[in-house]
Each structure stands twice: as structure tokens, then as C-alpha cells.
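Chemist: Residue numbers for the sequence shown follow our numbering, so the first one is 257 and each next one is one higher.
Glycine residues also receive a C-beta, built at the ideal position from the N, C-alpha and C atoms.
Everything numeric in this text was worked out from a predicted model, so none of it was measured.
I'd like to ask some things about the structure below.
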Amino acid sequence: GIFLKGYQALDTSRYIDTVVFDKTGTVTEGALSVTQAYSDDDAQLSDERLLVLAGAVESASEHAVGSAIVAAVDEADRLEVTDFRAEPGRGVVGTVDGHRVTVGSPRWVSQSVDDAGGVIPAATARRRRDAEAKGETVIYVAVDGRLSGLIAVADTVKSSAAPAIAALQAAGMRTVLLTGDNSGAAHAVAVEVGITDVIAEVLPDAKVDAIRELQEAGHSVAMVGDGINDGPALATADLGVAIGRGTDVAIGAADVVLVRDDLRAAPAALSLARATQRTI
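Okay, here's the thing in C-alpha cells:
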């Protein structure tokens with residue numbers, strides 16, 4: 257279940273000392289589900305209405321978080337979106353039922369609200385902290401330039417993640433979690449699987465910069481990922497490792513493909529490649 261694209265992947269594997277993991281869909285299952293939708297009292301929207309508006313905008317998105325939000329809306333309640341625009345790594349915006357709706361990362365949505373002279377309601381900020389402390393991913397929703405509430409989604413960690421991390425660390429390798437998700441959720445997942453180094457709230461383009469910084473510090477880096485956003489980072493790393501069920505972009509950019517969706521194949525691939533080099 258391990259596919260190496262030629263001798264270069266085989267040769268590079270023996271120098272790897274740092275393994276960087278994407279979070280969603282790599283360390284976690286990527287099967288997100290909505291845990292709560294909360295509308296601030298001053299927004300004059302019900303929780304259900306907030307979810308419907310956010311789901312309408314996200315229906316035009318391809319992001320895993322967006323898919324989870326859309327799935328949480330009853331089909332009979334779904335609305336159409338116009339003037340849709342996606343900001344990679346940040347969020348989406350569109351017009352729904354006459355309202356301008358912005359859905360995305362707390363940092364990005366907060367900035368758009370600040371630009372409009374708005375404020376962050378204390379209750380919304382508190383709910384965000386509580387959700388992130390549990391490892392959930394929080395999405396802010398702004399309606400007509402006002403932060404109206406949030407939606408929290410949760411993921412589950414792959415059962416193979418902790419054993420894979422332990423095997424890599426036992427072999428003397430440093431492990432790093434690299435994600436665009438919020439710091440709270442990222443650290444919660446890192447603690448669960450045993451990763452000590454976390455680089456969070458990173459935009460897709462900045463993932464490449466993070467890999468380069470590790471390389472410039474003298475490390476030989478392997479990157480493990482599965483998504484479209486991981487393609488450039490996989491190509492930049494000394495060794496790109498793609499999960500077999502990942503996107504075509506990720507698989508095309510990688511040097512090693514793990515055909516089975518089991519992260520224990522990552523340390524196995526490096527171990528087998530090194531054993532092959534010793535035999536040669």
C-alpha cells in the first residue's frame with residue numbers, strides 16, 4: 257500500500273528528520289459535523305436562520321467545513337446564493353435573500369466587521385473560546401456587515417494517527433502539525449496524537465513558507481497531506497507524502513502515495529525506504 261515515485265523519493269527518505277502533517281483529512285477523518293449554531297441576541301436572528309444563511313453561501317464552496325454546514329441545513333430550508341466570492345484560507349461571501357453574508361475564519365470575519373465599524377459581542381467571543389478549548393473549529397458569520405454569531409464544527413482524530421506519530425518520534429524524527437485552523441483546535445488535536453510542535457492559522461500560500469523556514473533551519477522535511485491546499489507544500493517539501501484518498505492535486509504533487517488511509521504507513525514507508533537503501 258506504499259507507492260514511491262522513482263529513485264529520488266527512495267534516496268531522499270534516508271535524510272528526513274522532520275515530518276509535517278496537515279490536520280483536516282490527514283490527522284483527522286475530515287468528516288466534519290456541526291456541533292452548534294449560535295446567533296447573538298442583538299442580531300435578531302434565530303440560530304436556525306443563521307445556519308440557513310451560512311449554508312446558502314457555503315453551498316457554492318468546496319471546503320470541508322462548508323460541506324458540513326450545508327449538510328446541517330434541512331434540504332427544504334436551503335436558499336440560493338448570488339455574487340459569491342471565495343477567499344482561499346479565509347472564507348466566503350455572498351448575497352442570500354437580500355442580505356450580504358460573510359462566513360469564514362474568526363480573524364478574517366472580525367477584520368471585515370472592524371472595517372464596517374462593528375464590534376465583537378462578548379457572548380460570541382466566549383462561545384468561541386469554549387468551543388476551541390474542546391478542539392472544535394469555529395466559523396464566524398456576519399450579516400450585512402455585523403457579526404451575528406458563530407458555527408462550530410467538530411472532527412475526529414484517526415485511530416492510526418497516535419501510533420504513527422509515536423513510531424516517527426521513536427525513530428528520532430520531529431513531528432509538526434501545520435494547519436489553517438485556529439490555534440485552540442490545532443493544539444487540542446496535537447495533544448491527542450502526541451505532536452508537540454504546532455503551526456496554526458496558516459493561509460494556504462503560507463504553508464509553503466512554513467516548509468521553507470524549516471528547511472532553511474537545516475531540516476530535511478517530509479510533508480504529509482491530502483487536500484488541494486496541500487499541493488504546493490507537498491511539492492516544496494524534500495519529500496511529499498499524499499494520502500491515497502486525497503485530491504488529485506495532492507497525489508500529483510507528492511513523491512510518495514499511501515494507498516491505504518492509514519497514517520502508520522508513513523513511518524513504514526520511511527523505514528522500508530531506509531532498509532532498501534542499506535541493502536543497496
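What is the DSSP secondary structure of Q292, counted as helix, strand or coil?
Modeler: It is a strand residue.
Chemist: What separation, rounded to the nearest whole angstrom, lies between the Cα atoms of H319 and D482?
Modeler: For H319 and D482, the distance between alpha carbons rounds to 13 Å.
Chemist: Helix, strand or coil, according to DSSP, for I507 in the structure here?
Modeler: Residue state, collapsed to three classes: helix.
Chemist: Is the number of C-beta pairs between the region 425-433 and the region 324-337 that are closer than 8 Å three or more?
Modeler: No contact exists between the region 425-433 and the region 324-337.
Chemist: Just reading off the beta strand (DSSP E) that V283 is part of, what are its end residues?
Modeler: That residue, V283, is in no beta strand (DSSP E); it is neither H nor E in DSSP.
Chemist: Take E448 and list the residues in its own chain whose beta-carbon comes closer than 6 Å to its own, dropping the five residues that flank it on each side.
Modeler: Here the set comprises V413.
Chemist: Using a Cβ-Cβ cut-off of 8 Å (strictly less than) and excluding sequence neighbours within five positions of T291, which residues of its own chain qualify?
Modeler: Excluding positions up to five away in sequence, the list reads A387, E392, A408, V409, A410.
Chemist: Looking only at its chain, what residues have a beta carbon closer than 8 Å to the beta carbon of L307, apart from the 5 residues adjacent to it on each side?
Modeler: Excluding residues within five positions, the ones whose Cβ falls inside 8 Å are V290, A293, I325, A328, V329, I407.
Chemist: Please state the DSSP three-state secondary structure of D303.
Modeler: Residue state, collapsed to three classes: helix.
Chemist: Just confirm the distance between the C-beta atoms of G405 and D267, as a whole number of angstroms; I'd bet it's less than 8 Å.
Modeler: That pair is no contact at about 52 Å.
Chemist: Quick one: using the 10 Å Cβ neighbour count with 16 as the cut-off for buried, is V397 buried or exposed?
Modeler: The residue is buried, with at least 16 neighbouring Cβ atoms inside 10 Å.
Chemist: First and last residue of the beta strand (DSSP E) that includes Y396?
Modeler: Segment 393-399, the beta strand (DSSP E) holding Y396.
Chemist: Is I325 helix, strand or coil when you go by DSSP?
Modeler: In this structure, I325 counts as helix in the three-state DSSP scheme.
Chemist: So what does DSSP say about L514, is it helix, strand or coil?
Modeler: Strand at L514.
Chemist: What's the C-alpha gap between T280 and T435?
Modeler: Going by the C-alpha atoms only, they are around 8 Å apart.
Chemist: Ordered along the chain, which non-local residues of its own chain (more than five positions away) have a Cβ less than 8 Å from that of N438?
Modeler: So the qualifying residues of the chain are S361, P362, E388, T393, V394, A456, E457.
Chemist: Return helix, strand or coil for V313, following the three-state DSSP convention.
Modeler: Residue state, collapsed to three classes: helix.
Chemist: Helix, strand or coil, according to DSSP, for R356 in the structure here?
Modeler: Here R356 sits in strand by DSSP.
Chemist: Kindly indicate the opening and closing residues of the alpha helix (DSSP H) around V464.
Modeler: Looking at the DSSP string, the run of the alpha helix (DSSP H) that includes V464 is 460-472.
Chemist: What residues are listed by DSSP as bridge partners for F277?
Modeler: DSSP, once it has assigned bridges, lists L433, V480 as partnering F277.
Chemist: Decide if the region 309-317 is in contact with the region 458-470; the criterion is three or more beta carbon pairs, one per stretch, under 8 Å apart.
Modeler: Counting Cβ pairs under 8 Å, fewer than three are found: no touch.
Chemist: Indicate the three-state DSSP secondary structure (helix, strand or coil) for A320 in the structure shown.
Modeler: Helix.
Chemist: Which whole-angstrom value is the C-beta distance of A316 and F340, which I expect to be below 8 Å?
Modeler: 4 Å between Cβ atoms; contact.
Chemist: From which residue to which residue does the alpha helix (DSSP H) around I499 run?
Modeler: Careful: I499 lies outside any alpha helix (DSSP H), inside the beta strand (DSSP E) at 495-499.
Chemist: May I have the straight-line CA-CA distance separating A423 from T380, to the nearest angstrom?
Modeler: So the alpha carbons of these two residues sit roughly 40 Å apart.
Chemist: For a quick check, are the C-beta atoms of A287 and L495 less than 8 Å apart?
Modeler: Result no, Cβ atoms of A287 and L495 do not sit closer than 8 Å.
Chemist: Write down the C-beta distance between A446 and V480 rounded to the nearest angstrom, noting that I regard them as a contact closer than 8 Å.
Modeler: Not really, about 14 Å apart at Cβ, beyond 8 Å.
Chemist: Considering only heavy atoms of the ligand PLP, does any lie closer than 7 Å to the CB of R356?
Modeler: The ligand PLP is not among the ligands present in this structure, which contains no ligands whatsoever.
Chemist: What are the boundary residues of the alpha helix (DSSP H) that includes T532?
Modeler: That run of the alpha helix (DSSP H) goes 521-535.
Chemist: What would DSSP say about D339, mapped onto helix, strand or coil?
Modeler: Residue state, collapsed to three classes: strand.
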